[in-house]
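Taken in order, the sequence shown gives residues 433 to 549; the numbers are from the numbering used here.
So the structure is just underneath, and the comments pick up after that.
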Amino acid sequence: QVQLVESGGGLVQPGGSLRLSCAASGISFSIYATGWYRQAPGKQRELVAVISSGESTNYADSVKGRFTISRDNAKSTVYLQMNSLKAEDTAVYYCNGRNLLTHINYWGQGTQVTVSS
Numbered sequence: 433q434v435q436l437v438e439s440g441g442g443l444v445q446p447g448g449s450l451r452l453s454c455a456a457s458g459i460s461f462s463i464y465a466t467g468w469y470r471q472a473p474g475k476q477r478e479l480v481a482v483i484s485s486g487e488s489t490n491y492a493d494s495v496k497g498r499f500t501i502s503r504d505n506a507k508s509t510v511y512l513q514m515n516s517l518k519a520e521d522t523a524v525y526y527c528n529g530r531n532l533l534t535h536i537n538y539w540g541q542g543t544q545v546t547v548s549s
């Protein structure tokens, strides 16, 4: 059974930092591209950052220079370090894993990030 379990969300003041983690189980992590998406109230889910099995990365323009995605294949975990957080970063953040052979996507349950003073 495939599971992606996010953690690390919470309430933070503008300018603060959070680190999200996503632990995967039930998959061969090394053949999965992994990423983070977010969905704010009333908006569509959008890409935040992705990292391939070869650790190449891609970021949404809105988070470039502030967020860093990384992965630890030995721990089957992907991380999102978020710095200089803004109110507009408030959303539910979802972890995604995409099988590079079958292109099947798996999603975590989401973790809430709220940036507010």
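In this text, a Cβ means the ideal position worked out from N, Cα and C, and glycines have one as well.
The model shown is predicted, which means the values in this text are computed figures rather than measured ones.
Cβ atoms of residue 480 and residue 492 come within 8 angstroms of each other, at about 6 angstroms.
Residue state for residue 519 is assigned as helix, using DSSP reduced to three classes. The residue among 464, 476, 490 and 469 with its C-alpha nearest the C-alpha of residue 505 is 464.
Secondary structure remark: continuous beta strand (DSSP E) runs of at least 3 residues inside the segment 474 to 518, in chain order: 478 to 483, 489 to 491, 499 to 504 and 509 to 514. The C-beta distance from residue 525 to residue 438 rounds to 7 angstroms, short enough to meet the 8 angstroms contact threshold. For residue 539 against residue 531, the beta-carbon gap comes to about 13 angstroms, at or over 8 angstroms, which does not count as contact.
Relative to residue 467, the option among 547, 509 and 443 whose CA is nearest is 509.
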